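In short: position in the first sequence from 1, add 119, done, that's this note's numbering.
Glycine included, each C-beta is placed from N, C-alpha and C at the ideal position.
These numbers come from a predicted model, not from an experiment.
A short worksheet on the structure shown next.
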Amino acid sequence: MSENNRLFIAQHEDKWFGVIVDEEDRLVASAFSDNREKLGKHFAHLSRNTKPVEKDHWLAKEMIRVYNGKEPSRKIEIDFRNVSSFQQNVYQVLQGIPTGKVTTYGSIAKAIGSGPRAVGTAVASNPYSPFIPCHRVIPADMSIGNYSMNGKPSIEGCEVKRELLEREGVVLHGDKIDASSLWKPKA
DNA sequence: TAGCAGATACCTT
DNA sequence: AAGGTATCTGCTA
């Protein structure tokens, strides 16, 4: 079923970036890490039957572009076949968050008629980072909140989340995000 | 205004 | 049917 998927890994500065694409160049999964071995394990866990790394892929370049705080230079098609419909609902809202803005778990929950903690689990298991911008979701107290880079939340993850937001132009005062950077999904 | 229960809602297996 | 949660709110001081 996913035997024609291909995995690509690229290096940029101190990070490794990986994408899995399907036969139509749709995004099946993406992730980045400060550790290549951990990134490889992450993908092994995420998807079997993926062919080994081939030549460079344009989606890997787009990923680095987004990592640097810019918008993609072309449209990214996403293969949602192996996530739940609840996750799809959440990710659809995430895709609407403008670059340089953030929203909260609670307001996403309100928009899709769910609960904030359930939204948290869906956001935490986002397999399309950073194209689906889970780094733009924060707690209601306007702090940075949590972020995971190698599968689980970590201090380093939070630091990366902060850097991503700063590069996009999100305004921070100390460890709080300025209200001017808040965006709310339409109910 | 920061810290901390307790409560809620709901997804996943 | 139980277990887990990258939350929220209101109460304290």
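At which residues does the alpha helix (DSSP H) containing residue i begin and terminate?
i, result
"Gly159", "Arg155 to Leu165"
"Gly276", "Ile274 to Glu287"
Closer than 8 Å by C-beta to residue i: which residues in its own chain qualify, once you throw out the five before and the five after it? Chain order, please.
i, result
"Ser262", "Asp294, Lys295 and Ile296"
"Pro217", "Trp302"
"Glu275", "Asp153 and Met268"
"His131", "Ile183 and Tyr186"
"Ser192", "Glu181 and Arg184"
"Cys277", "Ile263, Gly264, Asn265 and Tyr266"
For residue i, which of helix, strand or coil comes out of DSSP?
i, result
"Phe250", "coil"
"Thr223", "strand"
"His292", "strand"
"Gly232", "coil"
"Lys170", "strand"
"Val205", "Looking at the sequence shown, residue 205 is not Val but Phe. Note: Phe205 maps to helix in three-state DSSP."
"Ala148", "strand"
"Ser300", "helix"
"Ile257", "strand"
"Ile183", "helix"
"Met120", "Confidence is the limiting factor: at Met120 the pLDDT is only 49, short of 50, which leaves the residue's position unreliable and the question unanswerable from this model."
"Thr240", "helix"
In terms of residues, what are the limits of the beta strand (DSSP E) holding residue i?
i, result
"Ile128", "Arg125 to His131"
"Ile139", "Lys134 to Val140"
Under the assumption that residue i contacts residue j (Cβ atoms under 8 Å), give the Cβ distance between them as a whole number of angstroms.
i, j, result
"Ile195", "Leu146", "6 Å"
"Ala228", "Pro235", "5 Å"
"Glu173", "Phe127", "7 Å"
"Gly288", "Gly215", "So it is not a contact: roughly 17 Å between Cβ atoms."
"Leu291", "Glu282", "The Cβ separation is near 11 Å, so there is no contact."
"Arg306", "Ala230", "According to the sequence as given, residue 306 is Ala; it is not Arg. Between Ala230 and Ala306 the Cβ distance is about 5 Å, and since that is below 8 Å, they are a contact."
"Ile257", "Val221", "5 Å"
Apart from the five residues on each side of it in sequence, which residues of its chain come closer than 6 Å, Cβ to Cβ, to residue i?
i, result
"Lys170", "Arg125"
"Asp141", "Asn124, Val147 and Asp198"
Might you give, ordered along the chain, the residues of its own chain that have their beta carbon closer than 7 Å to the beta carbon of residue i, omitting 5 neighbours on each side?
i, result
"Val238", "Val209, Tyr224, Ile227 and Ala228"
"Ala243", "Ser267"
(request) Pair every Cβ in the stretch 260–267 with every Cβ in the stretch 183–191, then say whether three or more of these pairs are closer than 8 Å. (result) no
(request) Could you tell me whether the stretch 201–212 touches the stretch 231–247, where touching means 3 or more Cβ pairs closer than 8 Å? (result) yes
(message) If contact is defined by three or more beta carbon pairs under 8 Å, each pair taking one atom from either stretch, is the stretch 149–156 in contact with the stretch 133–141?
(response) yes
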